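Participant: So the sequences go chain by chain: A and B.
With my numbering applied, the first sequence covers 4 to 202.
With my numbering applied, the second sequence covers 4 to 202.
Just so you know, even glycine gets a beta-carbon here, dropped at the ideal spot from N, CA and C.
Only a predicted model underlies this, so the values are computations on that prediction, with no experimental measurement involved.
Number of protein chains: 2
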Amino acid sequence: MQEDLTGTKKRIRADAARNEDAVLEAAKTVFAKSGVDAPVREIAKAAGVGVGTLYRRFPKRSDLVVAVFKREVDGCATDAKTLARDYPPGEALSLWLRRYCQFIVTKKGLASALHSGDPAFDALPDYFRSNFEPALENLLAAAAKAGEARSDIDAYDLLRAIGNLASAGRKSADTEGMEHTYRMVDLMIDGLRFGKRAD
Amino acid sequence: MQEDLTGTKKRIRADAARNEDAVLEAAKTVFAKSGVDAPVREIAKAAGVGVGTLYRRFPKRSDLVVAVFKREVDGCATDAKTLARDYPPGEALSLWLRRYCQFIVTKKGLASALHSGDPAFDALPDYFRSNFEPALENLLAAAAKAGEARSDIDAYDLLRAIGNLASAGRKSADTEGMEHTYRMVDLMIDGLRFGKRAD
DNA sequence: TCATATACGGAACAATGTTCCGTTTAACAA
DNA sequence: TTGTTAAACGGAACATTGTTCCGTATATGA
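Structure representation (structure tokens):
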């Protein structure tokens, strides 16, 4: 028995780590398919674990929802960095805005859960903003500096605007509404570029 | 066995009518105390009936929620007529806006249920609007005609504005936030009067 | 007063969140 | 490699709902 870098007692057992990941992955899929109210048993089954295993790591249903949400936020925010590294500033910006758009659309069910009044979700809006706002700020700043976007747009305003656009056009959940949404978002991205100006 | 005016077969039994009313009244109270997710058993108990009785008249939980909501809307809309009859136009307007304010505050839990995506509640926003908008329009028109309010305010806009005000200030549910809310609403009512103008 | 359609109450059933515990196994030392 | 053991596992069992069923009670009309 030895202490790890953080001072906790023991190493996480390999199967435990594997299962935690499997559960989160399964939950993401099931939530997307059946909504956030999907039965815990269904998630456990999809992950190939027993409900006991699931509950040891996520004592309350809401813990699992929160974990999935944060994981998705982290993934989307991380993509901002990746895109910024791999693409020219303007393109990185517009690619990420589409990525963000997908995030919003797939989290439709989650969004309503956030406003359900359950205190378990109180921290999520902050988590959302404190991750996405800096991410977008960086992309915007880089694009503006490169002369590929205007520099007078507030990141949070843009997040909200696109969030509203994306969550509005979701009637049939298939490609029908999505195309319309993407067209609107493209319009907005064009606006960012068209209005560009030298600093 | 005789038909009534609407062509339906039979008269409603007295105990049935009594129980229906008791259930609705109990549901209103319980929803206010424990939220719209309160157990059906709790409502049945408060109404002094068995769950079977409750379910005969409201086959789904949501039917009960809808019925309570509509009943509250009806009551609030009816009060508009009563106030218009018993008070001078300007006073009737301002009294009813406070009444409406209370409606919004006590229906906080219900409001989130409306946007839960459950199709059972799809009709409620329309019901809300088609009752309240004409009610307020009448009050506004009368007050404007009497020179006690401006005449360039859209009823629905005002409903939304005050609805937002009232539903915003509801942190502790006690008198704390309510006072602040009422002050804002009073401000708005003053605005209606201050800005009055002859037609 | 009687017959009966109607309504009633609450037990029973189904679905789901959560807990419990006997069994399995990863990790470590000899 | 093998033995020991704390950790993790699975899923049965329990608790809390929504909903259904049905034997019993009763309001109504004749």
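Of all the options Asp82(B), Gly194(B) and Leu113(B), which has the alpha carbon lying nearest to the alpha carbon of Thr32(B)?
Facilitator: Here residue 32(B) refers to the residue found at position 29 when the second sequence is read from its first residue. Among Asp82(B), Gly194(B) and Leu113(B), the Cα nearest to that of Thr32(B) is on Leu113(B).
Participant: My assumption, with CB atoms under 8 Å, is that Tyr159(B) sits in contact with Arg132(B). Please give the rounded CB distance.
Facilitator: Counting from 1 along the second sequence, the entry for residue 159(B) is found at position 156. Counting from 1 along the second sequence, the entry for residue 132(B) is found at position 129. Contact between Tyr159(B) and Arg132(B) holds: their C-beta atoms lie close to 7 Å from each other, under 8 Å.
Participant: For Arg102(B) and Val71(B), I'd like the C-alpha separation in whole angstroms.
Facilitator: Taking the second sequence and counting its residues from 1, one reaches residue 102(B) at position 99. Taking the second sequence and counting its residues from 1, one reaches residue 71(B) at position 68. So the two alpha carbons sit approximately 17 Å from each other.
Participant: Residues of chain B with a CB under 7 Å from the CB of Gly120(A): which are they?
Facilitator: Within the first sequence, residue 120(A) is the residue found at index 117, counting from 1. The contacting residues are Ser115.
Participant: Look up Arg186(B) in the DSSP assignment and say whether it is helix, strand or coil.
Facilitator: The sequence position of residue 186(B) within the second sequence is 183, counting from 1. In this structure, Arg186(B) counts as helix in the three-state DSSP scheme.
Participant: So, Ser170(A) versus Ile107(A), is the Cβ gap smaller than 7 Å?
Facilitator: As a working mapping, residue 170(A) is identified with position 167 in the first sequence. As a working mapping, residue 107(A) is identified with position 104 in the first sequence. A contact, by the Cβ cut-off of 7 Å.
Participant: DSSP three-state call for Gly112(A): helix, strand or coil?
Facilitator: As a working mapping, residue 112(A) is identified with position 109 in the first sequence. Here Gly112(A) sits in helix by DSSP.
Participant: Enumerate in chain order the residues of its own chain whose CB-to-CB distance from Ile156(A) is below 7 Å, with the five nearest sequence positions on each side excluded.
Facilitator: Residue numbering aside, residue 156(A) sits at position 153 when the first sequence is read from its first letter. Leu143 and Leu195.
Participant: Where does Thr184(A) land, buried or exposed, given buried means 16+ other C-beta within 10 angstroms?
Facilitator: Start at 1 with the first residue of the first sequence, and residue 184(A) comes out as number 181. The residue in question, Thr184(A), is buried, as its Cβ has 16 or more Cβ neighbours within 10 Å.
Participant: Please state whether the Cβ-Cβ distance between Ala25(B) and Ala50(B) is less than 7 Å.
Facilitator: Taking the first residue of the second sequence as 1, we reach residue 25(B) at position 22. Taking the first residue of the second sequence as 1, we reach residue 50(B) at position 47. Contact: yes.
Participant: Can you tell me whether Gly166(B) is helix, strand or coil according to DSSP?
Facilitator: Position 163 of the second sequence holds residue 166(B). Residue state, collapsed to three classes: helix.
Participant: DSSP on Val39(A), reduced to helix/strand/coil?
Facilitator: Residue numbering aside, residue 39(A) sits at position 36 when the first sequence is read from its first letter. Looking at Val39(A) - three-state DSSP - the assignment turns out to be coil, as it is neither helix nor strand.
Participant: Where does Asn22(A) land, buried or exposed, given buried means 16+ other C-beta within 10 angstroms?
Facilitator: Counting from one through the first sequence, the residue named residue 22(A) turns up at place 19. Looking at its Cβ environment, which holds 16 or more other Cβ atoms inside 10 Å, Asn22(A) is buried.
Participant: Under three-state DSSP, which class holds Glu23(B)?
Facilitator: In the second sequence, counting from the first residue as 1, residue 23(B) sits at position 20. Three-state DSSP puts Glu23(B) in a helix.
Participant: Tyr90(B) by DSSP, collapsed to three states: which one?
Facilitator: By one-based count along the second sequence, residue 90(B) stands at place 87. Coil.
Participant: On the premise that Gly93(A) lies in contact with Ala149(A), defined as a C-beta separation below 8 Å, what is that separation, rounded to the nearest angstrom?
Facilitator: Reading the first sequence from its first residue, position 146 is the one you call residue 149(A). Reading the first sequence from its first residue, position 90 is the one you call residue 93(A). Between Gly93(A) and Ala149(A) the Cβ distance is about 7 Å, and since that is below 8 Å, they are a contact.
Participant: For a test of the three-state rule: what should DSSP assign to Ala149(A), helix, strand or coil?
Facilitator: One-based indexing of the first sequence puts residue 149(A) at position 146. Looking at Ala149(A) - three-state DSSP - the assignment turns out to be coil, as it is neither helix nor strand.
Participant: I need the straight-line Cα distance from Ser162(B) to Arg74(B), nearest angstrom please.
Facilitator: Position 159 of the second sequence, counted from the start, is the residue given in the question as residue 162(B). Position 71 of the second sequence, counted from the start, is the residue given in the question as residue 74(B). The amino acid at residue 162(B) is misidentified as Ser; the sequence shows Leu. Approximately 19 Å, taken between the alpha carbons.
Participant: Assuming Ala146(B) and Ala152(B) make a contact with CB atoms under 8 Å, what is their CB distance in whole Å?
Facilitator: Working through the second sequence from its first residue, we reach residue 146(B) at position 143. Working through the second sequence from its first residue, we reach residue 152(B) at position 149. Confirmed, Cβ separation roughly 4 Å.
Participant: Quick check on this structure: which residue in Pro42(A), Ala126(A), Tyr130(A) and Gly78(A) has the alpha carbon closest to the alpha carbon of Gln105(A)?
Facilitator: In the first sequence, residue 105(A) corresponds to position 102, counting from 1. Ranking the options by Cα distance to Gln105(A), first place goes to Gly78(A).
Participant: Beta-carbon separation of Ala30(A) and Ile46(A) under 7 Å?
Facilitator: Working through the first sequence from its first residue, we reach residue 30(A) at position 27. Working through the first sequence from its first residue, we reach residue 46(A) at position 43. Yes, Cβ-Cβ distance for Ala30(A) and Ile46(A) is below 7 Å.
Participant: Out of curiosity, what's the CA-to-CA distance linking Arg173(A) and Lys111(A)?
Facilitator: Within the first sequence, the letter at position 170 stands for residue 173(A). Within the first sequence, the letter at position 108 stands for residue 111(A). Unreliable placement is indicated for Arg173(A), whose pLDDT of 49 sits below 50; the coordinate value is still reported in the next sentence. One C-alpha to the other measures close to 9 Å.
Participant: Less than 7 Å separating the beta-carbons of Leu117(B) and Leu98(B)?
Facilitator: Here residue 117(B) refers to the residue found at position 114 of the second sequence. Here residue 98(B) refers to the residue found at position 95 of the second sequence. For Leu117(B) and Leu98(B), no; Cβs fall outside 7 Å.
Participant: I need the straight-line Cα distance from Val188(A) to Asp82(A), nearest angstrom please.
Facilitator: For this step, residue 188(A) is matched to residue 185 along the first sequence. For this step, residue 82(A) is matched to residue 79 along the first sequence. Distance between the alpha carbons of Val188(A) and Asp82(A) is about 18 Å.
Participant: Can you find the residues in the same chain that come closer than 8 Å, C-beta to C-beta, to Asp193(A), ignoring five residues on each side of it along the sequence?
Facilitator: For the purposes of this step, residue 193(A) is taken as the residue at position 190 of the first sequence. Taken in chain order, the list of residues that qualify is empty.
Participant: I'd like the span of the alpha helix (DSSP H) that includes Gly51(B), first residue to last.
Facilitator: Start at 1 with the first residue of the second sequence, and residue 51(B) comes out as number 48. Here Gly51(B) belongs to no alpha helix (DSSP H), and DSSP marks it neither H nor E.
Participant: Check Arg60(B) in the structure and name its three-state DSSP category.
Facilitator: Translated into the one-based positions of the second sequence, residue 60(B) becomes position 57. Helix, per DSSP.
Participant: I'd like to know whether the C-beta atoms of Val39(B) and Val76(B) end up nearer to each other than 7 Å.
Facilitator: Taking the first residue of the second sequence as position 1, residue 39(B) is located at position 36. Taking the first residue of the second sequence as position 1, residue 76(B) is located at position 73. Not in contact: Val39(B) and Val76(B) (Cβ atoms no closer than 7 Å).
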